[in-house]
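Going by the working numbering, the first residue of the sequence shown is number 78, and it counts up by one from there.
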Amino acid sequence: MLKDARELSGYSDRIRKDFCFSSRENVDMTATVINGRMIAASIRSEVAAEVHILLDNGYPKPGLATVLVGENPASKVHVQAKHRACQEVGIESFGYELPATASQQEVEALVKRLNEDPRVHGILVQMPLPSGIDEERVLNGIRVEKDVDGFHPLNIGRLAQKGREPLFVPCTPAGVMYLLRHAIGDLQGKRAVVIGRSNIVGMPLALMLLRANVTVTVCHSYTRRLEEHTRMADVLVSAMGKPAAVRGDWIKPGAVVIDVGFSRVEDLSQKRGYRLVGDVAFEEVARVAGYITPVPGGVGPMTIAMLLKNTVRAAKILGHNGE
Ligand code: GUN
Numbered sequence: 078m079l080k081d082a083r084e085l086s087g088y089s090d091r092i093r094k095d096f097c098f099s100s101r102e103n104v105d106m107t108a109t110v111i112n113g114r115m116i117a118a119s120i121r122s123e124v125a126a127e128v129h130i131l132l133d134n135g136y137p138k139p140g141l142a143t144v145l146v147g148e149n150p151a152s153k154v155h156v157q158a159k160h161r162a163c164q165e166v167g168i169e170s171f172g173y174e175l176p177a178t179a180s181q182q183e184v185e186a187l188v189k190r191l192n193e194d195p196r197v198h199g200i201l202v203q204m205p206l207p208s209g210i211d212e213e214r215v216l217n218g219i220r221v222e223k224d225v226d227g228f229h230p231l232n233i234g235r236l237a238q239k240g241r242e243p244l245f246v247p248c249t250p251a252g253v254m255y256l257l258r259h260a261i262g263d264l265q266g267k268r269a270v271v272i273g274r275s276n277i278v279g280m281p282l283a284l285m286l287l288r289a290n291v292t293v294t295v296c297h298s299y300t301r302r303l304e305e306h307t308r309m310a311d312v313l314v315s316a317m318g319k320p321a322a323v324r325g326d327w328i329k330p331g332a333v334v335i336d337v338g339f340s341r342v343e344d345l346s347q348k349r350g351y352r353l354v355g356d357v358a359f360e361e362v363a364r365v366a367g368y369i370t371p372v373p374g375g376v377g378p379m380t381i382a383m384l385l386k387n388t389v390r391a392a393k394i395l396g397h398n399g400e
C-alpha cells in the first residue's frame, strides 16, 4: 500500500505531506521527499522579479563572472548550469576560462581585473583549482563586496563570530539551510550531524547551524563509529562524496536527511555511461527518515538559486554605478 518515496517526488507539497503524514501513522514509515528542483524554481522566479525592480530603479543589470581554470568535466557542467540560470533570471554572466597550465599570477590578475569591472557584481572562481594554484591567495584577492561564493576569509570569519554579519554566505550550505527551514521550520535546539568538513560545505554549514541555535556535531574521515553519531541526529547532512554510504539503520526515525553527495558511478545502461548518486542509500533511508532530499534534484539546484540571490545582493551593495 505504501509507495516508495521516490514516487512521491512529483506530488505537490501539500499532497505529499498529507500522504506521508498519514503513512506515518502506519508502522512502515515513508519520508517526504524535499523537491529541491521545485523550491529552487520558485526562488529563481523571486530573483527574476527582484532583477526587474532593480532595473526599474535605475540599477545596472546584475552581472556574474565565473572563472574556470583547467578541464575538470564536473566543474564545466556546474559552471554551464550557473550561466544558464543567470540568463533565465536576467543576470548578465561573463565566463572566463584559463588552461590548467595557467600561473598563479594569471589567475590573480584575472580576479583583479574583475574586481575593477563595473559590469561584474559577483565573482565566482570554480573549485577545485588545479593543484599548482594557491586557492587561499586567489580567494583573498576577490573584492569582499563581490564575493558571491562567501569564501573570502572576511566573510567566513564573520560567519564564525557571534554578533558579526557576513556580506555573503556560501551557496550550498545556504541552500541546505533553506531546505531545512522549508521542511521543519525553526531549527532551534535540534541535534544536527554534518558529515564532511570541507571549506565549501561542511565547515560553513556547521557555522550556519550554530547560528540557528542547533547543537552541531561535525564528523569527518577520522570519526570513529560514524553511525553512533548519525543515529542521534534530528538533522543529518551528508557531504562526504561516498555513493550510498549512509544506510537506513544509521537514521533516527523521523529525521531530516539532506544529501549533498554528488558522485558519478559507472552505468552502461545510461547514454552518458554514468549516473549521479548521492551519499545516501535513498530507498533504505526513506523508510526511516521523516524528510529526505533526492540526488539529483535536491541540494544541487538550491546551490545555484542561492548564487543568484547573492549576485542580486552584490548588485544592491555595489549600487547604481557598480562601484
Ligand atoms: N565547487 C563545488 N561547489 C562550489 C561552489 O559552491 N562554488 C565554487 N566556486 N566552486 C564550487
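No residue lacks a Cβ here, since even glycine has one placed at the ideal position from N, Cα and C.
Quick caveat: nothing in here was measured; it's all calculated off a predicted structure.
Provide the residue(s) that pair with residue i in DSSP beta bridges, ordered along the chain.
i	result
Y173	V144
V271	V295, V314
R324	For R324, which the question treats as bridged, DSSP gives no partner whatsoever.
G199	L141
Y351	E343
Y368	T109, V333
V357	V323
Tell me, to the nearest whole angstrom, how far the beta carbon of residue i is from that of residue j; I am working on the premise that it is less than 8 Å.
i	j	result
P250	V278	6 Å
A322	D356	5 Å
C296	V334	About 14 Å; that fails the 8 Å criterion.
Q181	D226	That belief does not hold up - the Cβ atoms of Q181 and D226 are roughly 19 Å apart, past 8 Å.
V314	V337	6 Å
If we ignore side chains and look at the alpha-carbon of each, how far apart do residue i and residue j end up?
i	j	result
C163	R302	42 Å
L145	L353	22 Å
E148	F228	22 Å
K223	L345	42 Å
Q265	I200	33 Å
V253	A151	21 Å
N112	V166	20 Å
V389	D326	42 Å
K348	A316	27 Å
P320	T109	21 Å
T292	R258	16 Å
L236	E174	30 Å
V156	T380	12 Å
V342	T143	27 Å
G350	G240	49 Å
K393	P371	33 Å
G375	E193	35 Å
M204	T307	28 Å
T300	N217	31 Å
G234	E305	31 Å
A177	L206	9 Å
Using CA coordinates, which residue listed in the options is at the minimum distance from residue i?
i	options	result
R41	S275, A118, E305	Because the chain in this structure spans residues 78 to 400, residue 41 falls outside the shown range and cannot be described.
E213	Q238, L236, V184	V184
F245	E127, A391, L395, M204	A391
I369	G209, I168, R341, R324	R324
N232	G396, N387, L187, H397	N387
Q238	G318, Q157, E174, M285	M285
A358	S346, S340, G350, Y351	S340
I116	I394, A382, R349	A382
V197	P205, V188, M204	V188
R268	R349, L287, G199, P139	L287
R114	G377, G396, T307, I394	G377
A126	T300, V337, L385	L385
P247	G209, A260, V202, P207	V202
G262	D326, E242, A289, R241	A289
P195	A108, A158, V362, S170	S170
L395	L141, I111, V372	L141
A366	G374, T292, M309, H397	M309
L282	Y136, Y255, H306, T307	Y255
A179	G209, L216, R241	G209
I219	G234, R241, L191, M204	L191
R121	G240, N134, I168	I168
H397	E123, T107, Y136	Y136
E361	G375, P330, G374, P373	P330
A186	A363, G172, P176, V215	V215
T107	S298, P373, V372, I328	I328
Exercise for the section: For the region 271-287 and the region 129-137, state whether three or more C-beta atom pairs, one from each stretch, are separated by less than 8 Å. Expected result: no
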